[in-house]
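**Q** If you read the first sequence in the numbering used here, its first letter stands for residue 319, the second for the next number, and so on. The structure follows.
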Amino acid sequence: MIKIATWNVNSIKARLPNVLKWLDSQNPDVVLFQEIKTVAETFPYLEFEERGYNMLVCGQKSYNGVAILSKFPLENKITSLIGNEADKQARYAEAVINGNLKVASIYLPNGNPIESDKFPYKLEWLERLLEHVKQLMSSNLPFVLGGDFNVILNDKDVYSPKAFADTSLCHTEVIKKMRSILNLGLTDALRAFNKQSGVYSFWDYKHGCWQKDNGILLDYLLLSPEATDMLKSSGIDKEPRGWERPSDHAPVWCELAG
DNA sequence: ATGGCGATTAACAATCGA
């Protein structure tokens with residue numbers, strides 16, 4: 319059994335005590351981080367090495383940044399999407415683990431406000447991801463794409479659909495593009511077992527959202543058909559959201575057989 | 001919900017996130 323988790327940590331340096339506490343209790347084999355908010359030079363490699371992880375870091379100062387931790391060797395490392403070489407924003411990291419499973423850590427652009435150039439950037443990014451997933455589908459390796467997709471796919475995934483209706487998270491074009499990616503044949507590991515409403519992975523720091531359980535489901539583990547065949551269980555670990563100095567996102571995890 | 005929180009920085013006020 320292999321346990322894979324994705325977690326938007328909102329700064330790996332600010333979150334290090336929480337992240338280590340969580341790693342030591344959950345012991346995942348693979349972790350996909352988003353919003354590490356630092357460059358590779360200042361990434362806390364040592365603490366993760368001590369716990370037996372190999373790493374791929376795609377860092378950026380202050381903003382964004384993604385990383386992959388794996389107890390298995392990492393090969394065929396990629397840190398940008400196709401056609402994305404000029405992209406200064408660190409939002410994609412991909413590697414093959416143990417020679418038999420491809421994983422990617424994805425931090426999709428937020429895209430707000432819709433009137434700004436951030437919104438077309440989000441749509442472009444989704445288009446590049448679509449093209450890349452098409453390529454992944456044509457290869458024979460099973461894969462898992464994990465991350466913060468900044469998309470609210472269904473009304474049941476948000477505490478107040480009305481409050482987010484006019485944001486980029488719910489925009490028709492964004493949902494349409496995200497669905498076209500999913501429709502290539504991806505399975506949301508969480509939704510494969512749990513169709514309930516009120517299942518969230520993000521709670522805003524503001525307005526007492528955590529205390530009121532005013533959350534949103536923004537983080538997914540998307541599985542290729544072959545990876546879906548191996549899927550055994552999945553869930554969201556809400557506990558770290560209740561700790562001191564938490565990230566505003568909770569880790570999402572799944573277990574694959576083999 | 002304008003804002004409220006929390007993280008960042010050629011740092012203590014401005015910017016960003018969802």
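Yeah, the Cβ is synthetic: ideal placement off N, Cα and C, and Gly gets one too.
(1) How far does the beta strand (DSSP E) with Met-373 in it extend, from its first residue to its last?
(2) Which ranges would you report for the alpha helix (DSSP H) in the segment 404–480 if only whole runs of at least 4 residues count?
(3) Are the beta-carbon atoms of Tyr-410 and Ile-424 separated by less than 8 Å?
(4) Helix, strand or coil: which one does DSSP assign to Phe-511?
(5) Can the beta-carbon of Pro-427 be found less than 8 Å from the beta-carbon of Asn-468?
(6) Mapping DSSP to helix, strand and coil, what is Leu-504?
(7) Can you look up Ile-330 in the DSSP assignment and give me helix, strand or coil?
(8) Output the distance between the C-alpha atoms of Ser-398 and Gly-370, rounded to the nearest integer angstrom.
(9) Would you list the residues sitting across from Phe-520 in a DSSP beta bridge?
(10) If Ser-388 and Asp-342 are in contact, beta carbons under 8 Å, what's the gap, nearest whole angstrom?
(11) Compare the Cα-Cα distances from Pro-564 to each of Leu-338, Ala-323 and Asn-345 and report the closest residue.
(12) How about Lys-474 and Ser-515: are their beta carbons less than 8 Å apart?
(13) Determine the closest residue to Leu-350 out of Leu-500, Val-414, Tyr-523 and Asp-405, with distance taken between C-alpha atoms.
(14) Look at the alpha carbon of Thr-356 and the alpha carbon of Thr-505, and state the distance between them as a whole number of angstroms.
(15) Let me know if Asp-537 comes out buried or exposed under the rule of 16 or more other beta-carbons within 10 Å of its beta-carbon.
(16) Cβ atoms of Leu-539 and Leu-508: under 8 Å apart, would you say?
**A** On the basis of the data shown:
(1) Mapped onto the first sequence, residue 373 falls at position 55. Its beta strand (DSSP E) spans residues 372–376.
(2) Runs found: 436–456.
(3) Along the first sequence, read from residue 1 onward, the residue named residue 410 stands at position 92. Along the first sequence, read from residue 1 onward, the residue named residue 424 stands at position 106. The answer is yes: Cβ separation under 8 Å.
(4) The sequence position of residue 511 within the first sequence is 193, counting from 1. In the structure shown, Phe-511 sits in coil (DSSP, three-state: anything other than H, G, I, E or B).
(5) Numbered from its first residue, the first sequence carries residue 427 at position 109. Numbered from its first residue, the first sequence carries residue 468 at position 150. Yes, they are a contact pair.
(6) The residue you call residue 504 lines up with position 186 of the first sequence. Leu-504 falls in the coil class under three-state DSSP.
(7) Taking the first sequence and counting its residues from 1, one reaches residue 330 at position 12. Coil.
(8) By one-based count along the first sequence, residue 398 stands at place 80. By one-based count along the first sequence, residue 370 stands at place 52. Gly-370 has its alpha-carbon roughly 26 Å from the corresponding atom of Ser-398.
(9) Numbered from its first residue, the first sequence carries residue 520 at position 202. Looking at the DSSP output, Phe-520 bridges to Ile-534 and His-567.
(10) For this step, residue 388 is matched to residue 70 along the first sequence. For this step, residue 342 is matched to residue 24 along the first sequence. So it is not a contact: roughly 17 Å between Cβ atoms.
(11) For the purposes of this step, residue 564 is taken as the residue at position 246 of the first sequence. Ranking Leu-338, Ala-323 and Asn-345 by CA distance to the CA of Pro-564 puts Leu-338 first.
(12) As a first step, residue 474 is located in the first sequence; it is residue number 156 there, counting from the start. As a first step, residue 515 is located in the first sequence; it is residue number 197 there, counting from the start. Result yes, Cβ atoms of Lys-474 and Ser-515 sit closer than 8 Å.
(13) For the purposes of this step, residue 350 is taken as the residue at position 32 of the first sequence. It is Val-414.
(14) Your numbering for residue 356 matches position 38 in the first sequence. Your numbering for residue 505 matches position 187 in the first sequence. Cα-Cα distance, rounded: 31 Å.
(15) By one-based count along the first sequence, residue 537 stands at place 219. Label assigned to Asp-537: buried.
(16) Locating residue 508 in the first sequence gives position 190, where the first residue counts as 1. Locating residue 539 in the first sequence gives position 221, where the first residue counts as 1. Yes, Cβ-Cβ distance for Leu-508 and Leu-539 is below 8 Å.
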